[in-house]
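Residue numbers (my numbering): 72 to 273. Take a look at the structure below.
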Ligand SMILES: CC(C)(COP(=O)(O)OP(=O)(O)OC[C@H]1O[C@@H](n2cnc3c(N)ncnc32)[C@H](O)[C@@H]1OP(=O)(O)O)[C@@H](O)C(=O)NCCC(=O)NCCS
């Protein structure tokens, strides 16, 4: 029998996709460290060590790099990164995107869903162009990029794909508020602990 007052999460089996808080940076790093050597090569356009990944996450500037995550059963399994390349007005901001999905969770739509979230994020910040750098053999990423209208430059040597974005609309603004709000209700990060005030602090 259907219980009309059943308040269980109606999306319980769906992944939670939301912006990561900076206090969750360790989970982002742990996710990147779990990528297979092949996936690391695709993600970073070359072979990278664990130490490289740790310092990459450590050095990221929270005002420049925004990370969206896909949580499956509470675990971070996929990530979409948005890096602001330049902030210039009006409508000349550019951003680079990058994606990573752990091996057991690829081919289930997470990369596409993260791409959609990053496009909405970019449009709402008036980013005019987004870029993606991919290896020539990365057919899966190319497939996703083409779904969002990304194209390569006429030069065959250039591994960059790009697309021009529309600015914000009521739908993108409300869409972001709603999806982020619901995602936070479903999977809230732990509140960051502020350092305790030491005796003598004003
Ligand atoms: C590339 C990557 C992010 C894609 O994420 P994903 O969750 O596996 O992708 P999705 O399931 O959302 O979509 C994959 C699409 O590629 C298609 N696809 C799968 N295998 C393919 C192949 N061998 N050739 C072409 N298309 C393929 C799928 O059919 C799907 O398209 P559809 O939605 O039209 O059916 C993920 O595989 C990954 O992390 N790879 C390693 C790191 C990487 O390459 N990062 C990108 C560099 S920035």
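Glycine is no exception: its CB is placed at the ideal position from the N, C-alpha and C atoms. Treat the numbers as computed from the prediction; the structure is a model and nothing was measured.
- One Cα belongs to residue 264, the other to residue 222, and the distance between them is close to 44 Å.
- In chain order, 203, 216, 221 and 223 place their CB closer than 6 Å to the CB of residue 232, counting only its own chain and leaving out the 5 sequence neighbours on each side.
- It is roughly 13 Å from the alpha-carbon of residue 174 to the alpha-carbon of residue 211.
- Under the DSSP definition of a beta bridge, residue 232 partners with 203 and 223.
- Here the C-alpha atom of residue 158 lies approximately 32 Å from the C-alpha atom of residue 256.
- Here the alpha carbon of residue 196 sits roughly 25 Å from the alpha carbon of residue 147.
- For residue 207, the number of other beta carbons within 10 angstroms of its own is below 16, and it is reported as exposed.
- Contact between residue 143 and residue 102 is ruled out by a C-beta separation of about 11 Å, above the 8 Å threshold.
- Nearest to residue 153 by alpha-carbon distance, out of 82, 89 and 250, is 89.
- In the three-state scheme derived from DSSP, where H, G and I count as helix and E and B as strand, residue 155 is classed as strand.
- When C-beta atoms of the stretch 166 to 184 are compared with those of the stretch 117 to 124, fewer than three pairs fall below 8 Å, so the two segments do not count as touching.
- Secondary structure in the stretch 86 to 138: the alpha helix (DSSP H) runs of 4 residues or longer, each lying completely within the stretch, are 96 to 105, 108 to 115 and 121 to 130 in chain order.
- Looking only at 126, 155, 238 and 123, the smallest Cα-Cα distance to residue 137 is reached by 155.
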